[in-house]
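What follows is one structure encoded as structure tokens, with my remarks underneath.
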Amino acid sequence: MKFSEIKNRKDQLLLSLPGTEAQFKMASSLRFPPDFINQQKPKARKGSVLILLYPVDDIIHTVLTLRTSYKGVHSGQISFPGGKKDEKDENLVHTALRETWEEIGVPDYDIEIIGGLTEIYIPASNFIVSPFVGLMNERPEFEPNPREVEKIIETDLFVLVDDTLRKQTQIKISESLTIDAPYFDIGGHIVWGATAMILSELSEIIRPHFRLQSAAV
Numbered sequence: 009m010k011f012s013e014i015k016n017r018k019d020q021l022l023l024s025l026p027g028t029e030a031q032f033k034m035a036s037s038l039r040f041p042p043d044f045i046n047q048q049k050p051k052a053r054k055g056s057v058l059i060l061l062y063p064v065d066d067i068i069h070t071v072l073t074l075r076t077s078y079k080g081v082h083s084g085q086i087s088f089p090g091g092k093k094d095e096k097d098e099n100l101v102h103t104a105l106r107e108t109w110e111e112i113g114v115p116d117y118d119i120e121i122i123g124g125l126t127e128i129y130i131p132a133s134n135f136i137v138s139p140f141v142g143l144m145n146e147r148p149e150f151e152p153n154p155r156e157v158e159k160i161i162e163t164d165l166f167v168l169v170d171d172t173l174r175k176q177t178q179i180k181i182s183e184s185l186t187i188d189a190p191y192f193d194i195g196g197h198i199v200w201g202a203t204a205m206i207l208s209e210l211s212e213i214i215r216p217h218f219r220l221q222s223a224a225v
């Protein structure tokens with residue numbers, strides 16, 4: 009799937025979302041039984057992330073970040089740029105754009121928001137996160153914030169529809185808890201948890217377009 013194609017289909021791409029069923033294809037054992045979605049805490053905080061899509065030789069890419077190590081539940085994990093809604097943020101789209109600027113140095117005026125994916129609850133930090141999809145016409149010049157980002161991870165979207173890159177592992181959450189977790193193998197990085205679940209929904213949206221491209225070839 010070429011970036012030029014997604015630009016032409018941007019108004020239709022996110023009209024129908026696969027939803028939580030697609031997300032749960034990459035859910036860890038922490039998120040079962042299946043009625044987990046109804047167990048969200050009423051005082052959960054709101055946040056958002058940005059799925060930034062851009063071309064590299066007309067191939068669609070996105071960017072993830074490896075978080076720095078800190079005293080928190082998401083230390084050292086891989087995620088999209090994003091974070092908690094600030095009081096000064098007009099809305100959750102603004103939150104995602106602000107956090108993208110603060111974390112990886114990409115300004116909002118270069119980004120076109122085309123819609124959002126299904127929100128997801130993160131129990132470890134008690135957040136309800138809204139993922140938004142933004143387009144840029146060229147590859148960004150990244151300036152990662154060293155206090156928050158240890159590494160920038162770029163990938164083309166083909167990894168989402170390559171089933172050989174969906175794997176399973178065990179992750180030690182604490183001294184007393186080890187969980188089973190499906191993950192995307194992206195450049196040798198284990199991308200699991202909420203980020204993998206968001207990517208899973210995105211994969212269901214783009215998969216038919218990759219099939220159409222293959223058939224055309």
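According to the working numbering, the residues represented by the sequence shown are 9 to 225, in order.
Virtual Cβ for every residue (Gly too), placed ideally from N, Cα, C.
* Label glycine 27 either buried or exposed according to how many other C-beta atoms from any shown protein chain fall within 10 Å of its C-beta, with 16 as the threshold for buried. => exposed
* To do: Rounded to whole angstroms, what's the CA-CA distance from isoleucine 121 to histidine 197? Just pull it up for me.
  => 27 Å
* Asked: Three or more C-beta pairs closer than 8 Å, one from the region 159–168 and one from the region 92–103: is that the case here?
  -> no
* Three-state secondary structure (DSSP) at serine 184? -> coil
* Answer yes if the region 95–114 comes into contact with the region 126–140, meaning at least three C-beta pairs across the two stretches below 8 Å, and no otherwise. => yes
* Take the Cβ of serine 182 as the centre, count every other Cβ of all protein chains shown within 10 Å, and call the residue buried at 16 or more, exposed below. => exposed
* Please classify isoleucine 119: does DSSP put it in a helix, a strand, or coil? => coil
* Asked: DSSP on glutamine 85, reduced to helix/strand/coil?
  -> coil
* If you check the beta carbons only, do glutamine 31 and glutamate 209 fall under 8 Å apart? -> yes
* To do: Kindly identify the DSSP beta-bridge partner or partners of phenylalanine 135.
  => Arg53 and Ile130
* Nearest residue (CA-CA) to aspartate 118, options Gly201, Pro89, Pro131 and Leu143 -> Leu143
* Which class does glycine 124 belong to by DSSP, given the choice of helix, strand or coil? -> strand
* To do: Go ahead and label threonine 73 buried or exposed: buried means 16 or more other beta carbons lie within 10 angstroms of its beta carbon, across all protein chains shown.
  => buried
* Going by beta carbon distance, what residues of the same chain come within less than 8 Å of arginine 75, once the five residues before and after it are set aside? -> His82, Ser83, Gly84, Gln85, Ile86, Ser87, Glu156, Val157 and Glu158
* **Nonlocal neighbours in the same chain, by C-beta distance under 6 Å from alanine 202, ignoring five residues either side** => Ile128 and Ile130
* What first and last residue would you give for the alpha helix (DSSP H) that runs through arginine 106? -> 100–112
* Throw me the rounded Cβ distance for the glutamine 176 and proline 190 pair, which I believe falls under 8 Å. => 5 Å
* How many angstroms separate the CA atom of leucine 173 from the CA atom of proline 115? -> 31 Å
* According to the neighbour-count rule (16 or more other Cβ atoms, all chains shown, within 10 Å of its Cβ), is proline 154 buried or exposed? -> exposed
* **C-beta neighbour in chain C for isoleucine 160, strict 8 Å** => Among the protein chains of the structure shown there is no chain C, as only one such chain exists.
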